[in-house]
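Colleague:
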Amino acid sequence: MKKAKVFRPTAFAFPYLAVTLVFVIVPLILVTVYAFRGQDGSFTFENFKYVFTEAAYRNSLFKTVGIAALATLLCLLVAYPVAYVLASAPFNKMAVLALLFVIPMWMNFVLRIVALKSVFTAIGLKPSFLTGVLGLVYDFLPYMLLPIYTVLSNMDKSYIEASRDLGASDFSTFWKVTFPLSFPGIISGISMVFMPIFSAYAVTGLLADPGTTVIGRGIEILFGLREYGAGSALSFILLLLVFLVMFLSSLLSKKTNKTAKGGNRQ
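Residue 249 in the numbering used here sits at position 249 of the sequence shown, and the numbers go up by one each step.
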């Protein structure tokens, strides 16, 4: 008798693997090759030397880190209180969350930014560093809020009850129990906000002044000028920064998880 063919669910992974290979792996290989390839096709570091010695791109890189850090901090300061209220309030939290943060994300990204630009114009705000950062906060706020909200809403409330039973004040309970236990959500939110800002030049291009831009704009300019080597080198540096942030986030996540587990055993 012939053996019946066994359907393997892993077959569904092949389309994803094909898309990943064509649109992720191959472009990364090309960027790496061009970053270390000279005009004559030989191996060189000249492209990286050009990026770091050219003041415009070097300053843009450092400025991008500052803008991303500031926008991420503002997102955290706004998102955490909102997530805390939504996670602890007795009303229908999910409906409010969907209404305030999820539904606007269904709109086109550029349309939201253009609408925000119209609001700034109506209230008399001219394109500046401030409007650029506010645009980034507006666009990436949901990516900070959702991970924090998820952690807070799934948190074991027995820790909070135990803290209050032992006589701790509301502030002490929040600072010593709730806030440390929400670190995984904070780390996840920072990762989801900080890294994408590096390439969010459409936001700063529409809302900020010409002097306020992110490194993604510099990469676009270099490729537009057919400076593939320098553009790839700048892209490679950006990729290394992304990997560094991911690595640090992973280390912090493991550390916070171990701390939480250790607290559970005590």
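Even glycine gets a Cβ: it sits at the ideal position worked out from N, Cα and C.
Remember, predicted model here, so these are calculated numbers, not experimental data.
Going straight from the alpha carbon of Phe179 to that of Tyr34, what length do you get?
Modeller: 45 Å
Colleague: Can you give me the C-alpha to C-alpha distance between Ser42 and Gly189, rounded to a whole angstrom?
Modeller: 41 Å
Colleague: Roughly how many angstroms separate the alpha carbons of Ser182 and Leu152, rounded to a whole number?
Modeller: Cα-Cα distance, rounded: 6 Å.
Colleague: For Arg265, which three-state DSSP category applies?
Modeller: Because Arg265 sits at a pLDDT of 46, beneath the cut-off of 50, its placement in the model cannot be relied upon, and the point is left open.
Colleague: Assign Phe198 to one of three DSSP states: helix, strand, or coil.
Modeller: It is coil, neither helix nor strand.
Colleague: Who are the near neighbours of Ala122 in its chain, counting only those whose CB is closer than 8 Å to its CB and skipping five residues on each side?
Modeller: none
Colleague: Would you tell me roughly how many angstroms separate the C-alpha atoms of Leu116 and Phe194, rounded to the nearest one?
Modeller: 21 Å
Colleague: Exposed or buried, Gly218, counting other C-beta atoms within 10 Å across all chains shown (16 or more means buried)?
Modeller: buried
Colleague: In angstroms with no decimal places, state the Cα-to-Cα distance between Asn264 and Leu252.
Modeller: Any answer about Asn264 is weak, because its pLDDT of 47 lies below 50 and its placement is not dependable; what the coordinates show is given next. Taking the Cα positions, Asn264 is about 18 Å away from Leu252.
Colleague: Comparing the C-beta of Leu225 with each C-beta of chain D, is any distance below 8 Å?
Modeller: Among the chains of the structure shown, chain D does not appear; only one protein chain is present.
Colleague: Suppose the cutoff is 6 Å on Cβ atoms and the five residues either side in sequence are ignored; what does the same chain contact list for Tyr57 look like?
Modeller: Val51 and Gly218
Colleague: Measuring straight from C-alpha to C-alpha, what distance separates Arg112 and Val245?
Modeller: 28 Å
Colleague: Using only alpha-carbon positions, find the residue among Pro184, Val31 and Glu161 that is nearest to Pro147.
Modeller: Pro184
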